[in-house]
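In terms of numbering that gives the first Met the number 0, the sequence shown has 88 at position 89, counting the first letter as 1, and numbering is strictly consecutive.
C-beta: ideal position from N, C-alpha, C; glycine also.
Predicted, not measured: the structure shown is a model, and the values here were computed from it.
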Amino acid sequence: MAEITIALSKGRIFDDTAPLLEAAGIVAKDNPESSRKLILDTNRASVRLVIVRASDVPTYVQYGAADLGIAGKDVLLEHGGNGLYQPLDLNIARCRMMVAVPEGFDYDSAVRQGARLRVATKYLQTTREHFADKGVHVDLIKLYGSMELAPLVGLADAIVDLVSTGSTLKANHLRAVEEIMPISSRLIVNQAALKLKRNAIQPILNAFAQAVKN
Ligand code: ATP
Ligand code: MG
Numbered sequence: 000m001a002e003i004t005i006a007l008s009k010g011r012i013f014d015d016t017a018p019l020l021e022a023a024g025i026v027a028k029d030n031p032e033s034s035r036k037l038i039l040d041t042n043r044a045s046v047r048l049v050i051v052r053a054s055d056v057p058t059y060v061q062y063g064a065a066d067l068g069i070a071g072k073d074v075l076l077e078h079g080g081n082g083l084y085q086p087l088d089l090n091i092a093r094c095r096m097m098v099a100v101p102e103g104f105d106y107d108s109a110v111r112q113g114a115r116l117r118v119a120t121k122y123l124q125t126t127r128e129h130f131a132d133k134g135v136h137v138d139l140i141k142l143y144g145s146m147e148l149a150p151l152v153g154l155a156d157a158i159v160d161l162v163s164t165g166s167t168l169k170a171n172h173l174r175a176v177e178e179i180m181p182i183s184s185r186l187i188v189n190q191a192a193l194k195l196k197r198n199a200i201q202p203i204l205n206a207f208a209q210a211v212k213n
């Protein structure tokens with residue numbers, strides 16, 4: 000049996016993924032949250048997990064360092080998807096990519112008047128495309144986290160970020176004014192690996208697809 004490597008990130012994606020892996024008959028031997036290991040063995044000798052940063056998952060799979068991975072649509076859009084086969088929306092780690100502004104900021108008027116907006120975000124590609132489609136001029140400011148702070152200290156007029164409950168926005172006196180797209184995580188597969196190791200990979204894809212349906 001071919002060796003299979005699956006790239007995952009810790010946190011919410013792993014929490015939601017563990018039941019799907021289990022449905023595919025794969026159980027990690029260590030808990031990635033408590034273990035410092037970056038390579039985890041599983042109950043199956045031919046399958047191992049590698050634990051990487053969420054935004055690095057597509058890169059590991061693109062270059063074949065991992066055969067499979069699970070990544071958010073947000074991350075995949077920024078990565079571009081080169082070399083990746085994306086067979087399955089797993090419907091996990093669901094949230095929405097939103098534009099948010101300070102409570103007092105009149106976003107609709109700013110957009111209507113053709114104002115040039117300063118937008119802080121981690122998601123440059125998606126944000127650029129969204130505002131280009133609307134015909135709104137934006138200056139993008141790249142941040143790596145805590146986007147909510149940017150409008151509060153005058154770094155930006157608006158942010159683009161992922162929102163689930165909206166409580167972080169609320170705590171920082173921001174409000175969501177526009178949904179860019181719904182986000183969930185997808186299974187990704189290295190295109191070459193799928194051809195070379197189809198006998199090992201296809202049953203995993205099938206088990207995931209079945210588990211998602213249930
Ligand atoms: P890091 O925390 O290492 O900087 P990250 O913020 O990208 O990286 P997570 O916060 O674990 O990592 O997010 C991983 C993925 O989970 C995101 O790419 C996104 O698809 C999804 N996600 C992010 N925020 C939420 C949320 N509030 N609710 C549901 N899913 C989310
Ligand atoms: Mg995070």
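Looking at the DSSP output, A27 sits in a beta bridge with T41.
Judged by beta-carbon spacing, Y84 lies beyond the 7 Å limit of V211, meaning their Cβ atoms are not closer than that value. Membership of R185 in any alpha helix (DSSP H) is not indicated; the residue belongs instead to the beta strand (DSSP E) covering S184 to N189. Separation of N171 and Q190 (C-alpha to C-alpha, rounded to the nearest whole angstrom) is 43 Å.
Going by DSSP, I91 is part of no alpha helix (DSSP H) at all; its letter is neither H nor E. If only uninterrupted alpha helix (DSSP H) runs of at least 4 residues are considered, those enclosed by the stretch 114-179 are 123-133, 148-151 and 166-170. With 16 or more neighbouring CB atoms inside 10 Å of its own CB, Q61 falls in the buried class. Bounds of the beta strand (DSSP E) holding A70 are L67 to G71. For R47, the enclosing beta strand (DSSP E) begins and ends at V46 to I50.
For Y84, the three-state secondary structure derived from DSSP is strand. Taking non-hydrogen atoms of the ligand ATP into account, the C-beta of G79 is found less than 6 Å away from none of them. Between the alpha carbons of V135 and K194 lies a gap of roughly 43 Å. For A6, the enclosing beta strand (DSSP E) covers residues I3 to L7.
Taking the CA atoms as reference points, T125 sits about 11 Å from M97.
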